[in-house]
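Here the structure comes first, spelled out in structure tokens, and everything after it is commentary.
In our numbering, the protein residues as written are 17 to 259.
Dropping the structure here:
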């Protein structure tokens, strides 16, 4: 813990600090990670895998954020030239490699978030506390989109996978806002990249914004965290019973 604090202080004193009003951050899927080797797949399966990789290049996410709150969501499908319904299918499949929520509003004042999760083709709204990732700061640096980023490793319980999951994040101390893509936050700087099991999501563009308009999600009918976890258990049980 002391090493983390000392490392953070040293970084903060050697980094320029960006504007603290607000930001519009664009992320993209910089890499998809297959769950297994594709070498033994049929030619048709390999072609489908390649189309999925190509579709991932079109996926964009936007985070609008200031010191008090943020809103994160996937951008609508877009393509240069003509697109087909099949392109849309591959685009939607590519988004699933991140396992991100459909949209998420985070309130940094009360440390609560409201997100929309698409399960069995139905949207569920959930309001819960921020996740404690138990971040460990690592003395490792790299440049992402011309920003000096530092490595952190965290763990959290994924109710859908029903197990502890490890995540690697790269944060930017020069942007002292502890947000990032989807549920990932809590570091001493904006998260520029997250390395997930199925994909790597990386910052593409950062814009300073004065008085950013941050969308909120209506949480009047939101489920609690416990209700959400019980829902997942129920859906998982039904899936097992039907197979």
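All residues carry an ideal CB built from backbone N, CA and C; glycine is no exception.
- In terms of Cβ geometry, residue 149 and residue 172 form a close pair [threshold 8 Å].
- With contacts defined as CB atoms closer than 8 Å, residue 188 and residue 210 fail to qualify as a contacting pair.
- Scanning 169, 239, 146, 110 for the CA closest to the CA of residue 198 turns up 146.
- In the three-state scheme derived from DSSP, where H, G and I count as helix and E and B as strand, residue 149 is classed as coil.
- Residue pairing for residue 206: DSSP places it in a beta bridge opposite 188.
- In this structure the segment 222 to 241 does not touch the segment 68 to 79; the number of beta carbon pairs closer than 8 Å is below three.
- Ranked by how close their Cα comes to the Cα of residue 70, the residues 105, 196, 38, 206 have 105 in first place.
- Following the DSSP letters along the chain, one finds residue 221 inside the beta strand (DSSP E) bounded by residues 215 to 224.
- Residue environment: residue 127 is assigned as exposed (fewer than 16 neighbouring CB atoms within 10 Å of its CB, all protein chains considered).
- Each of 208, 220, 134 was checked against the Cα of residue 164, and the nearest Cα belongs to 208.
- When secondary structure is reduced to three states using DSSP, residue 253 falls in the helix class.
- Under the three-state reduction of DSSP, residue 244 is assigned to helix.
- Around the Cβ of residue 252, a 10 Å sphere holds fewer than 16 other Cβ atoms; the residue is exposed.
- By the 16-neighbour rule on beta-carbons within 10 angstroms, residue 217 is buried.
- In the DSSP annotation of this structure, the continuous segment of the beta strand (DSSP E) that includes residue 43 starts and ends at 39 to 48.
- Bounds of any beta strand (DSSP E) do not take in residue 238, whose DSSP letter is neither H nor E.
- Around the beta carbon of residue 59, fewer than 16 other beta carbons lie within 10 angstroms, which makes this residue exposed.
- Contact check for residue 114 and residue 212: beta-carbon distance about 6 Å, within the 8 Å limit, so the pair qualifies.
- Residue 176 counts as exposed, since fewer than 16 other C-beta atoms from the protein chains shown sit within 10 angstroms of its C-beta.
- Distance from the CA atom of residue 239 to the CA atom of residue 232, rounded to whole angstroms, is 16 Å.
- Cβ atoms of residue 170 and residue 151 come within 8 Å of each other, at about 5 Å.
- For residue 174, the enclosing beta strand (DSSP E) stretches over residues 163 to 174.
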